[in-house]
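Colleague: Those protein sequences? They're chains A and B, same order as listed. Its first residue numbered 8, the first sequence is counted upward by one per residue in my numbering. Its first residue numbered 2, the second sequence is counted upward by one per residue in my numbering. Even for Gly, the Cβ is constructed at its ideal location relative to N, Cα and C. Take a look at the following structure, please.
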Amino acid sequence: MNKGSEEVSPPADVTTIDQLIDWMASNDESFQLAFEDKEIIRASIDDELVEPDAFIKDAREIAFFPPMTGG
Amino acid sequence: MWVRIQEQLFDPGHETNNFLQKDGSAGAVVTFTGLVRSTPDDPIDALILEHHPTMAKKQIERFATEASEKFELVDIGVIHRFGRMNVGEVIVQVMAASPHRQAAFDGANYVMDWLKTDAPFWKQEVTAQGTTWVQHRSADDTAKDKWKTPPKS
Chain A
8 MNKGSEEVSP PADVTTIDQL IDWMASNDES FQLAFEDKEI IRASIDDELV EPDAFIKDAR
68 EIAFFPPMTG G
Chain B
2 MWVRIQEQLF DPGHETNNFL QKDGSAGAVV TFTGLVRSTP DDPIDALILE HHPTMAKKQI
62 ERFATEASEK FELVDIGVIH RFGRMNVGEV IVQVMAASPH RQAAFDGANY VMDWLKTDAP
122 FWKQEVTAQG TTWVQHRSAD DTAKDKWKTP PKS
């Protein structure tokens with residue numbers, strides 16, 4: 008996406024990673040494109056890999072990743 | 002339990018021999034070594050692995066700790082490389098020690114299955130046509146999913 012990081016202020020009803028993805032995609036065309044295949048996106052909260060239903064309330068940093076291909 | 006993330010090449014045999022030095026409580030050690038592959042159908046010149054340094058170590062430590070507890074391992078060691086590596090070079094090595102063989106097989110397998118899909122590494126293949134990102138394989142998800150139901154003891 009050529010974006011290192013960005014500050015966002017989601018509304019109060021955006022409480023989970025999954026909702027954050029939807030909210031970001033609906034507000035920004037480049038996110039819409041990046042999140043097109045939502046199922047394969049991985050997310051972390053403060054360097055901890057989390058599931059889409061994780062709550063974002065106390066997060067300082069949220070990161071999104073493409074599918075991982077290590078090993 | 003230990004995990005090393007490094008760029009430089011390592012000697013898999015040397016690592017195995019070091020790992021085999023136990024206090025006598027391990028009756029079995031299983032070692033898995035992953036290598037850079039190039040086949041006639043899918044020829045590559047090299048692999049480039051990108052990673053997320055802090056998360057990569059943390060995630061693999063998590064899988065290694067889970068494996069230790071689940072399979073009651075005596076010890077487990079993991080080395081994973083990043084950066085550019087040539088065909089035939091080692092990418093990853095997992096070594097699991099346990100009193101009996103099945104737990105050592107399961108421990109090494111568990112760490113590898115989780116590592117493939119849930120450790121932040123991303124592979125690029127360098128070929129004569131250029132450099133392309135390696136696509137995620139759904140077979141890797143299936144392999145990981147088998148550990149979500151408790152293993153039969």
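#1: Rounded to the nearest angstrom, what separates I49 (chain B) and F20 (chain B) at their Cα positions?
#2: Determine the contact status of I91 (chain B) and V112 (chain B), defining contact as a CB-CB distance below 8 Å.
#3: Can you pull the chain A neighbours of V4 (chain B), defined as C-beta to C-beta under 7 Å?
#4: Spatial neighbours of T1 (chain B) within its chain, please: C-beta separation below 6 Å, excluding the five flanking residues on both sides.
#5: So is K117 (chain B) buried or exposed if we call it buried at 16+ other beta carbons inside 10 Å?
#6: My guess is that V30 (chain B) and M86 (chain B) are in contact by the Cβ rule of under 8 Å, so how many angstroms apart are they, rounded?
#7: Excluding five sequence neighbours on each side, which residues of the same chain lie with their C-beta closer than 7 Å to the C-beta of V21 (chain A)?
#8: What residue range does the alpha helix (DSSP H) around D107 (chain B) cover?
#9: If you draw a straight line from the alpha carbon of Q94 (chain B) to that of I6 (chain B), how long is it in whole angstroms?
#10: Within the same chain, show all residues whose beta-carbon is closer than 6 Å to that of T132 (chain B), passing over the 5 residues directly before and after it, in chain order.
#11: Are any of the Cβ atoms in chain B nearer than 8 Å to that of F42 (chain A)?
#12: Helix, strand or coil for A47 (chain B) per DSSP?
#13: Identify whether S51 (chain A) lies in helix, strand or coil by the three-state DSSP scheme.
#14: Please report how far the alpha carbon of F106 (chain B) lies from the alpha carbon of P44 (chain B), in whole angstroms.
#15: Can you pull the DSSP bridge partners for Q125 (chain B)?
#16: Please give me, in chain order, every unbroken run of the beta strand (DSSP E) with length at least 3 that falls completely inside the segment 18-45 of chain B.
Modeller: Judging by the given coordinates:
#1: 27 Å
#2: What sits at residue 91 (chain B) in the sequence shown is Val, not Ile. Not a contact, by the Cβ cut-off of 8 Å.
#3: Neighbours of V4 (chain B) on chain A: none; closest Cβ ~13 Å, over 7 Å.
#4: The structure shown does not extend to residue 1 (chain B), since chain B is modelled only from 2 through 154, so no value can be given for it.
#5: buried
#6: In fact, because the Cβ distance is near 25 Å, the residues do not count as touching under 8 Å.
#7: L27, W30
#8: 102-119
#9: 11 Å
#10: Q125
#11: no
#12: strand
#13: strand
#14: 30 Å
#15: B:I49, B:W134
#16: 29-36
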